[in-house]
Structures are given as structure tokens and as C-alpha cells.
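As C-alpha cells, the structure follows; a few thoughts come after it.
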Amino acid sequence: MCGASTCRWRLDPGQTPEHITEVLAQCVRLSGLRASYVEMICTRGQPPWGSRDPRQAVNQFYAFAVPYVWLANAEQRENGLHLQISDVQRIPPSSVDPTAKNYHWNDMTMGLLGALDSGFDSAVLVDAAGHVVEGPGFNVFCVHQGAIVTPDVGMLEGITRRTVIEMAQSLGLPLQCRALPASELREADEVFISSSGGGVLPVTRVDGRPLGDGRPGPITRQLVASYWAWHADPALSRPIDYAA
Ligand SMILES: *Cc1c(COP(=O)(O)O)cnc(C)c1O
368 MCGASTCRWR LDPGQTPEHI TEVLAQCVRL SGLRASYVEM ICTRGQPPWG SRDPRQAVNQ
428 FYAFAVPYVW LANAEQRENG LHLQISDVQR IPPSSVDPTA KNYHWNDMTM GLLGALDSGF
488 DSAVLVDAAG HVVEGPGFNV FCVHQGAIVT PDVGMLEGIT RRTVIEMAQS LGLPLQCRAL
548 PASELREADE VFISSSGGGV LPVTRVDGRP LGDGRPGPIT RQLVASYWAW HADPALSRPI
608 DYAA
């Protein structure tokens with residue numbers, strides 16, 4: 368049984384979605400963590416020694432719970448991240464389908480290393496046409512002329528990106544999914560990123576240039592508040608019975 372991403376990679380974790388949900392809940396229960404980040408990973412595994420036939424590989428399933436993971440530390444959440452638009456081009460979708468979750472990440476890692484070496488907090492990568500696509504583990508948004516803009520192709524359709532789209536609809540904020548030129552990101556009024564590792568996170572500088580008044584913008588702050596309100600909504604969350 369496989370989900371959208373594992374099917375795309377011809378991987379089979381060998382577990383039903385219901386069982387995976389229960390395993391992740393059990394990881395949190397056993398860890399005792401009250402604010403936890405859970406992850407599930409399916410690897411290709413190995414074919415028998417001497418074989419190069421990936422169809423013979425025995426896929427493996429891993430799940431774990433760790434203390435909640437933040438892509439931005441407390442200071443960065445307060446003051447905003449400083450992003451670099453990397454000159455590393457994202458692997459083209461015809462080589463590795465970015466819409467299926469994967470850790471085929473050397474482009475991301477090299478972009479991130481370059482950004483960190485230059486004093487930035489993280490990197491966003493562009494496609495062959497110079498459009499911003501995504502960064503290492505996050506989707507990208509900007510606010511331009513009152514509308515929220517996020518790329519529509521060349522990136523993972525992250526679960527948090529989907530939540531941002533739904534929040535924008537529910538708050539009546541205009542949102543466009545379309546190509547996002549790097550120049551538009553640099554000149555945006557606001558920029559923020561989305562990830563399971565921290566929800567909606569503010570960006571206050573792109574390529575060293577402060578955005579707006581240099582503080583996390585009003586639409587970003589509205590979406591951060593809304594994200595955590597939705598997170599606490601029992602209709603959208605799954606309680607853990609630590610006593611069980
Ligand atoms: C995991 C990931 C994201 C964010 O996805 P979420 O489902 O929101 O956590 C974005 N881009 C890439 C490349 C990723 O690997």
C-alpha cells in the first residue's frame with residue numbers, strides 16, 4: 368500500500384495509512400513529548416548483494432517522534448529570516464518530480480551551504496526560467512500589491528502550503544498560485560515561508576534588502592496567528608492519550 372509520494376517513487380512502506388497514524392501516535396505516547404514533531408520515512412532498501420535491480424530492493428519504513436522542530440529559532444521567528452536567492456538551480460522536474468516528497472537534496476544542500484557561508488539564514492532556489500520555486504524543506508510566499516503569491520509549479524505542494532491557501536480563503540485574503548520571478552520576491556512587501564517545521568515563518572530580508580519596514584508584515588502575522596489557532600482546533604488535530 369503506498370501514498371502519493373511513495374507510489375511515485377515505486378516504494379511501498381507495507382503499512383496502511385491507518386496503521387501509520389497509529390504508529391506515529393505511539394511514538395509520541397512512548398516519548399512522552401507534549402510538543403512533538405513526527406516523521407515517517409520510506410527508503411528503497413537494498414537489493415540482494417550483487418544485484419543492481421531496484422525492483423528487488425526490500426523497502427523499509429521508519430517512524431519517529433522528536434521534540435518539535437522549528438525551521439527558525441525564537442529570534443528569527445520574532446525578527447524574520449534573512450533569505451538568499453541562491454544561484455544553485457533546482458533539479459528540473461523532468462529529472463526528479465518535486466511534487467513527490469523526497470530527500471534527493473544536493474541542490475538544496477549546496478544552496479543552503481552557500482547561503483549560510485554568506486551570513487544568510489537560508490536559501491531559496493530558482494528554476495531554469497529564474498522563477499523562485501522553494502527552499503530546503505519549505506514553500507515560499509510573498510505579498511505583492513495586496514495579494515499573496517506562491518509558485519504553482521516546480522515545487523512540493525507541501526501540506527503547510529495547502530493550509531496557507533485554505534487560511535487565505537477563510538480570511539478573505541486574495542492568493543495567486545503562479546510563476547514568481549526572483550525580482551518580485553526581492554521587491555515584495557512581505558515574504559514568508561511554510562513548513563511542518565514551524566508553520567508560517569516570517570522573512571524580513573531577501574538578498575540583504577529589508578522588505579517593507581523591515582519587520583514581519585501584517586499579513587504574515589495574521590497567518591502565523593491563524594496557523595496556531597487552527598493547530599489548536601480539535602477538528603484539525605489528533606489528541607494523544609498518554610495514559611494508554
Ligand atoms: C517537506 C518539504 C516542504 C514543506 O512541506 P510541508 O508538508 O509543508 O512540511 C517544502 N519543500 C520541500 C522541498 C520539502 O522537502
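If you want the numbering used here, it's the 1-based position in the sequence shown plus 367.
All C-beta atoms in this analysis are idealised placements derived from N, C-alpha and C, irrespective of residue type, glycine included.
- Burial check for residue 500: the Cβ neighbour count within 10 Å reaches 16 or more, so the residue is buried.
- In the three-state reduction of the DSSP assignment, residue 406 falls in the strand class, which pools E and B.
- When C-alpha distances from residue 458 are compared across 433, 497, 449, the shortest belongs to 497.
- Comparing alpha carbon positions, the residue from 378, 554, 537, 394 closest to residue 508 is 554.
- A Cβ-Cβ separation of about 11 Å leaves residue 585 out of contact with residue 569 under the 8 Å criterion.
- If you check the CB distance, residue 452 and residue 491 come in under 7 Å.
- Runs of the alpha helix (DSSP H) spanning 4 or more residues and lying entirely within the stretch 500 to 582 occur at 526 to 538, 549 to 553, in chain order.
- Listed in chain order, the non-local C-beta contacts of residue 591 below 6 Å within the same chain comprise 567, local neighbours out to five positions each way being set aside.
- Counting along the chain, residue 498 sits inside no alpha helix (DSSP H), nor does DSSP assign it H or E at all.
- Counting C-beta pairs closer than 8 Å gives fewer than three between the stretch 570 to 582 and the stretch 593 to 611, which falls short of the contact rule.
- By the Cβ criterion, the stretch 512 to 522 is not in contact with the stretch 479 to 486, since fewer than three pairs of Cβ atoms, one from each stretch, lie closer than 8 Å.
- A residue is called buried when at least 16 other Cβ atoms come within 10 angstroms of its Cβ; residue 494 meets this threshold and is buried.
- In the displayed model, residue 489 falls within a strand according to three-state DSSP.
- The DSSP-derived three-state label of residue 470 is coil.
- In the DSSP assignment, residue 589 falls outside any beta strand (DSSP E) and lies within the alpha helix (DSSP H) extending over 585 to 598.
- Counted as a single uninterrupted DSSP element, the alpha helix (DSSP H) harbouring residue 398 occupies residues 384 to 398.
- Judged by DSSP secondary structure, residue 418 falls outside any beta strand (DSSP E); it is assigned neither H nor E.
- Look at residue 438: its beta carbon is at least 6 Å from all of the heavy atoms in ligand 1.
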